[in-house]
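Per the numbering used here, the sequence shown starts with residue 147, numbered consecutively.
Beta carbons: idealized from backbone N, C-alpha and C, even for Gly.
Here is the structure we will look at, set down as structure tokens.
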Amino acid sequence: MDEAEASGKVWREQVRRRVTAEQDRDALARLIEYDADPFEVELYELAADPRTLVIDRAQRRNAGQHERHVRRLSQRGRRAAS
């Protein structure tokens, strides 16, 4: 595995492990209801930005598609070896 593949694998694992942008937005909304600190409000606005949500979904979709692609390739390889 070369450096680019290793870096991509680490990035995809991080994307799959982290909470979604929607979960971040909802958690910040609950926090703001309790205590509306200006910094927390700014974080909420960033998390609720439609671009942030679209980027998060695209990254998750990309990571999932890559995992499925690799899985299919390995299944084909096992079938060919049989």
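Residue i versus residue j: straight-line alpha-carbon distance, rounded
| i | j | result |
| --- | --- | --- |
| residue 151 | residue 212 | 12 Å |
| residue 205 | residue 165 | 12 Å |
| residue 156 | residue 148 | 13 Å |
| residue 158 | residue 220 | 18 Å |
| residue 194 | residue 226 | 47 Å |
| residue 185 | residue 160 | 25 Å |
| residue 223 | residue 216 | 11 Å |
Same chain only: Cβ atoms within 7 Å of residue i, ignoring 5 sequence neighbours per side
| i | result |
| --- | --- |
| residue 189 | 174 |
| residue 202 | 166 and 167 |
Reduced DSSP secondary structure (H/G/I, E/B, other) of residue i
| i | result |
| --- | --- |
| residue 226 | helix |
| residue 198 | helix |
| residue 206 | helix |
| residue 165 | coil |
| residue 172 | helix |
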